[in-house]
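Residue 366 in full-length UniProt numbering sits at position 366 of the sequence shown, and the numbers go up by one each step. Backbone N, C-alpha and C define an ideal beta-carbon position, used for all residues, glycine too. First up is the structure itself, then whatever we jot down about it.
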Amino acid sequence: MYSMFPMVEKSYRVKITSDIERDLRFLGQSRVDALTSPFAMKLVKEKNGVKLFELCEKEFYTMKAVTTVNAPLQEVMHMLRMDSTSQLRELMGEIFGTLFLDGVVLYKKPDSPTRPNETLSVCWTALQASKPNLPHRDYVFLRYGDVFEKNLEHGSLYQNNGSGLYVGASIWESIELDGCEPLPPSQNVVRLRLRRSGIVVEEVGHDGSLEISLFLSESHPGRDAVSTLTRTWMTKVVNCVSQIPNALLTRALGAQSLLTKRDFRKDGPNCYLCLKGFTVFRRKHHCRVCGDVVCSSCSEMKTLRQASGNREVRLCSQCRTASTTSILSSNSGSNSNSLSQTNGSHRSLPSFSSSFDAFDMEASNVSISGSTTNVSESYSETARPKTHPLKSNGSFRRQHSTDSPVLNPASEFIRDGHSPVKEDDIDTISEFSEFNEFHWTDEVTRPSVEDLAQLEKKLTVRANTPFNYALNYSSRQEWPKAPIPANEAARLKKVRELHLADPGKHFQEMCEYAAAQLGCQIAAISFIGDKSGFLMAKVGLDKRELPRNMLMDAHAIMSTEPTVILDATEDLRFVNNPLVADGRVRFFAGFPMVTSDGHVVGSFSVADPFARELLPGDKYLFLRNLANVAIRGVEQNTLMSIAVRRDGGNVHKVKSSIQAPPPPGMNIADAELTMQELLRTAYTTQCQVRMQVNPLSE
């Protein structure tokens, strides 16, 4: 295919190291979770089998077009891979037509036999301008694809049962890389950004029908909405989703044996399908697949891709349907086998990378991190359950590691109220043993699923958390100064006593887990000092310390209850904060970390550039429990550090004598939800450890 911008292939050179690849993978997984999570959009119109939706937020305008097709999910996702430049140009040209100008695949991650559904590539593409006198648009973006199983309502939280249906996503997220600078003005293109964009393919039933959605977002900072011109252009782009079924059909025709004119044997005065007679105005045609005579109303021209080039062939409506069905039947066996492996047991989980110390949230700039842990793929995976993002190296800790938080061995966990955990799972579960007192006996009535659902609904946050402390301002900054708790002196003394180290990267893994679960670009475990906040573990932030006046976590330590800010631009405390004003943070959830003696020393927080309508109750409980596990681990490490210094560095001597501080009080429902989360984490971790190919070095 002819290239309109040959200088891109000649001059663009990207160097993707293993560190950058891990960062790209994490970014892709978080954007997949964000794009596939349900959010309300307004139906604009429905025409020709395509539904058009829109969502206008304060800084972003999003459009979505939805169509349906009868085809296997694996076939659609395979088509959307676009592994090479020729495949990218071919498919984008089919879908977007004249709107597509050119495209190049700059980098393609090698396929992994353990993750056959995951694809990652860096691409450049150019799209036609919204108006002839305007420059064209070009993008450098991450294309990340994956497949995972849909979950029933409350399934992931209570019963961990899937629906047997699957969702595939191919996200497009703009990034900035060295060697991909904007083209010179002589090329008549301007570099723009793709945010919350891509294609989502969702099974809507077990009959093979798919719902395909094409998302596209545009920013409109400083304006109430995007311009009419931009909206019209976006409408044209997303409506191209209607061409995806045609692209599938084109590929299906490539496997058909077509008849030539010499092979036509059937003839007659009437159309084979509608039985209407042929006239001067109703001409006779032959289907190139079955050879029957049909009229133009019962047939259509379709593009057939051959080695010598594309050609138009006539197809009757019956053969057109049969062609699509043949894809479904020919692929149903392999598709069922590849995607159903997780149905019964849910053992196949995603493997998240182990360290993502540096990438800029505002521009999604991927940079090289100096400290990473090399992790090998540890198990075979096909489709991933979206609700359980764990990393390939296991859980929050390495097995048999001597530098990890030491917690009491679990006495007994009851799974689903009946079966105890196996003995060989004890090592894995022991890291969560501060909750081992919450097992159920005959004297205690377990809360029902309905009770847990009511609790989740009750804990769902739908508005910014209010505050009851005074705000103090300074002439040096436009936003309020960090508030000071009443027991500040005792609190600071407690912070200084803690052993804030993470040599085994276990707290780092907790941040990565939280960021992935919440679909956020930022997560941190921060301890608030006198003038600054120390980030013991972080995702999406470069610096290890930030000024206390700038940290939103400084407000989270004012209470033992979480601080949830769904939209920071609507909160007086944060609207002028540099993190918010620069567009890096809109959503923030900070869960205080309370020591066993009642001091709020810091917070476990997540943040994202996109505002949210709510924080679901299950995510609320997940973050709260994770914050409790984090502070218990820090206290345990502190006790261990003191004991090691006292006993001359003999770690093994003091391990047995160290007891974890008791967890904060929980009611029965909270304990049940905590158990469900921790048991699931412990069990999936044990499955990964057993199947690990290359264990981590001690």
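Cβ neighbours of L99 within its own chain (closer than 8 Å, five residues either side excluded): L127, Q128, K236, V237 and C240. According to the DSSP assignment, W124 belongs to the beta strand (DSSP E) that extends over T119 to L127. Secondary structure of L541 (DSSP, three-state): coil. The shortest CA-to-CA distance from E202 to any of G168, R645, N487 and P483 is the one to G168.
Per DSSP, L639 is one residue of the alpha helix (DSSP H) stretching across G617 to R646. Shown here, H136 sits in a strand according to DSSP, grouped into three states.
Distances from the alpha-carbon of A486 to those of A470, L500 and Q477 put A470 closest.
In this chain, the beta strand (DSSP E) harbouring E218 covers S209 to S219. Assignment of beta-bridge partners to Y166 by DSSP yields E149. Fewer than three beta-carbon pairs drawn from the stretch 452-465 and the stretch 491-499 are found closer than 8 Å, and the two stretches are therefore not classed as touching.
By the Cβ rule, the stretch 569-577 does not count as touching the stretch 536-544, because fewer than three pairs are nearer than 8 Å. For A453, the closest of T595, G583, S532 and D618 by C-alpha to C-alpha distance is D618. Shown here, R191 sits in a strand according to DSSP, grouped into three states. Considering only P132, N188, L614 and Q74, the residue with the shortest C-alpha distance to E149 is Q74.
Pairwise C-beta distances place the stretch 539-558 out of contact with the stretch 615-631, as fewer than three of them are shorter than 8 Å. A distance below 8 Å separates the beta carbons of V190 and R137.
Looking at the backbone, the Cα of E450 and that of D567 are separated by about 30 Å. Between the alpha carbons of R491 and V76 lies a distance of about 56 Å. Contact check for V564 against A589 passes: the beta carbons are separated by less than 8 Å. Residue pairing by DSSP places L52 opposite K45 and A65 in a beta bridge.
Fewer than three pairs of CB atoms, one per stretch, sit closer than 8 Å, so the stretch 48-58 makes no contact with the stretch 519-537. Taken in chain order, the complete beta strand (DSSP E) segments of 3 residues or longer contained in the stretch 234-308 are 299-306. Excluding the 5 residues flanking it on each side, L55 has same chain C-beta neighbours closer than 6 Å at M41 and T62, in chain order.
In the structure shown, K457 falls within a helical segment according to DSSP collapsed to helix, strand and coil.
DSSP lists S121 as the beta-bridge partner residues of K108. Within the model, the alpha-carbon separation for H506 versus A516 is close to 15 Å. Nearest to E456 by alpha-carbon distance, out of G504, P592 and L615, is L615.
Annotated as distal: N468 and P480, with beta-carbon spacing of 8 Å or more. If you look at T563, you'll find it in the beta strand (DSSP E) that goes T563 to I565.
Around the Cβ of M92, a 10 Å sphere holds 16 or more other Cβ atoms; the residue is buried.
Linking S174 to R476 through their CA atoms gives a straight-line distance of about 35 Å.
Closest in C-alpha terms to E218, from the list E211, T595, S227 and T67, comes S227. In its chain, beyond the 5 residues on either side, S130 and K131 have a beta carbon closer than 7 Å to the beta carbon of L229. For V601, the enclosing beta strand (DSSP E) starts and ends at V600 to D608.
Under the DSSP definition of a beta bridge, M593 partners with G602. The stretch 601-608 and the stretch 522-534 touch, with no fewer than 3 CB-CB distances between them shorter than 8 Å.
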